[in-house]
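Chemist:
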């Protein structure tokens, strides 16, 4: 069951990732990216990260991607026109090389990783309470620095979006 | 609804077909999915089976509802964009900006009762609110968190695009907003999404602030209330049926009255059957609270005019957000001082 | 079919997604799509963090990926503001056309 769910959502993630890269229209790319994020959230749930799965959907899909979609709509960005025309042979060669490259990476990871027990759903649960406790004890300084970072980004975005520039 | 299904679905020639057809169903699916984690009643035992009156309980149920509502904007935004029409596009843009802005006060208002109850699960939330202060005041979060409740309801109005925050579909400026180009079932789907969002928001408000299925009066009194309510409704209907104003009333009103009296009888009967009593009482109070809040939604719609767009944004960022923030600060201060 | 998923599958998925992100970053011409490819790479890295968090049975990985999300949010806000400014000044989104320092 765990393996089946993993395979289904991994396939969705990879399919949406490919669609992100090959779609010509920015809105289609953005929706594919949302698909990737949603399936990754399911995989996080499987790995026992329930808080991080929900944060993924709230922050990424619910805030960042809404901003992207908003900007794409605002600029009314049209479909991208290809700047160069690759020959058919080059295209097929590229696909073959890409698959070979990914296979090589998979092989290296598979070989380099020591044999460990597999992931079973429910094998580990990082609850929201655990994450919160760790965040406000061991990681308090990075957390505070992050808030400063967000403040800087806020000011930067407002300055950039002023009318005078 | 049924009438709209039977109509011909028009697809305008200038739209982006895939997204145009996808948008209403994204909206409906995201509107309905939250119901899965909402509990309707306490644990019940029917024969050998013990179950909760809920589809599934997540330890992070409240986060899940917030997540789904934050993604819900895509239905409207996509619908507006795919229609390829400037009014629809403006509606979609307004809706995404509005939803991002009101998401913040909503989440902050939800956080305050979470701090009090120290849980993210709806069940524990409702259990925390059981019991009474001084024997008759219900221990609902509404009383310590009245500000959070008001902020939550206002932000909930904005999240569901209801009047006075229905800028995305403002008829007199944008024709019909994001669903200008939609017809037939697709159009109905947007409205189903809107109404299911309303039910979700009111159900969450009930669970977080109004004690879920916990009755507002201590047990022996609260058991009589549904019987009285339904019997009264039935008697009124029968009385008006006996003095009809129109010819049809002679048959319809007594029939309705008999149905109500029957429901009252079932409630009366349930006092002697513990299982039935638990189920019916929980359902009665939960649905009753939701219906009262839904009545408020319709009531506000009939009462208030629409905001102007800049007023809407200023209200969210200058008033609602700091208010929710201060309330959260005060709550966390109290929680920090009262717990060891 | 085995019930347990080997840990390496998650890492391979992460590598594939990262590779797709790099490909999109290099080959696409629309600045918004390039930006989204970066987000895809960040997501792939997050998956690795959460996977190792499972392996070591500690929540530190979750916290790292939470920080990555926060940084991504800040980056998206500033980046999209820059894109808006560029579009206002050059009225194009193609990165090949934005090639002069001063206009």
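Protein chains in written order, with the numbering used here: chain A, 13 to 177; chain B, -19 to 320; chain C, 228 to 330. Cβ atoms here follow ideal geometry from the backbone N, Cα and C, with glycine treated the same way.
(1) Rank B:40, B:36, B:77 and B:65 by C-alpha distance to the C-alpha of residue 52 of chain B and give the top, closest one.
(2) Closer than 9 Å, CB to CB, is residue 100 of chain A near chain C or not?
(3) Mind checking whether the beta-carbon of residue 189 of chain B lies closer than 8 Å to any heavy atom of the ligand ZN?
(4) What does residue 151 of chain A touch in chain C if you count any residue whose Cβ is under 7 Å from its own?
(5) What are the boundary residues of the alpha helix (DSSP H) that residue 49 of chain B is part of?
(6) Quickly, what does DSSP pair residue 118 of chain B with across the bridge? List them, please.
(7) Quick check on this structure: which residue in B:239, B:111 and B:48 has the alpha carbon closest to the alpha carbon of residue 73 of chain A?
(8) Around the C-beta of residue 39 of chain A, are 16 or more other C-beta atoms found within 10 angstroms, so that it is buried, or is it exposed?
(9) Go ahead and label residue 104 of chain A buried or exposed: buried means 16 or more other beta carbons lie within 10 angstroms of its beta carbon, across all protein chains shown.
(10) Is DSSP giving residue 312 of chain C helix, strand or coil here?
(11) Identify the contact partners of residue 44 of chain B in chain E, using a Cβ-Cβ distance below 7 Å as the criterion.
(12) Is there contact between the segment 239 to 249 of chain C and the segment 113 to 121 of chain A, where contact requires at least three CB pairs shorter than 8 Å?
(13) In whole angstroms, give me the CA-to-CA distance for residue 188 of chain B and residue 322 of chain C.
(14) Between the alpha carbons of residue 171 of chain A and residue 308 of chain C, how many angstroms are there, rounded?
(15) Starting from residue 275 of chain C, find everything on chain A with Cβ-Cβ shorter than 9 Å and list it in chain order.
(16) Just the Cα atoms here: how many angstroms apart are residue 300 of chain C and residue 75 of chain A?
(17) Give me the chain B residues within the contact set of residue 62 of chain A, using Cβ-Cβ distance strictly less than 7 Å, ordered along the chain.
(18) Less than 8 Å between the CB atoms is what I'm expecting for residue 220 of chain B and residue 233 of chain B, so what's the real figure, rounded?
(19) Check residue 88 of chain A in the structure and name its three-state DSSP category.
(20) Taking only beta-carbon atoms, is residue 255 of chain C less than 9 Å away from chain A?
(21) Mind checking which residues open and close the alpha helix (DSSP H) that includes residue 293 of chain B?
(22) Between residue 87 of chain A and chain B, is the shortest Cβ-Cβ distance under 9 Å, so that the two count as touching?
(23) Chain B partners of residue 140 of chain A, CB-CB under 8 Å?
(24) Hey, residue 71 of chain A and residue 57 of chain B: beta-carbon distance below 9 Å or not?
Modeler: On the basis of the supplied data:
(1) Sorting B:40, B:36, B:77 and B:65 by C-alpha distance to the C-alpha of residue 52 of chain B places B:77 at the top.
(2) no
(3) What this structure holds is no ligand at all, so the ligand ZN is not there to describe.
(4) 290
(5) 41 to 51
(6) B:112
(7) B:48
(8) buried
(9) exposed
(10) In the structure shown, residue 312 of chain C sits in a helix (DSSP, three-state: H, G or I).
(11) Annotation note: the requested chain E is absent from the structure, which comprises protein chains A, B and C.
(12) yes
(13) One C-alpha to the other measures close to 49 Å.
(14) 9 Å
(15) What residue 275 of chain C touches in chain A: nothing, since even the nearest Cβ is about 10 Å away.
(16) 8 Å
(17) 39 and 40
(18) 5 Å
(19) coil
(20) yes
(21) 289 to 294
(22) no
(23) 39, 40, 43 and 100
(24) no
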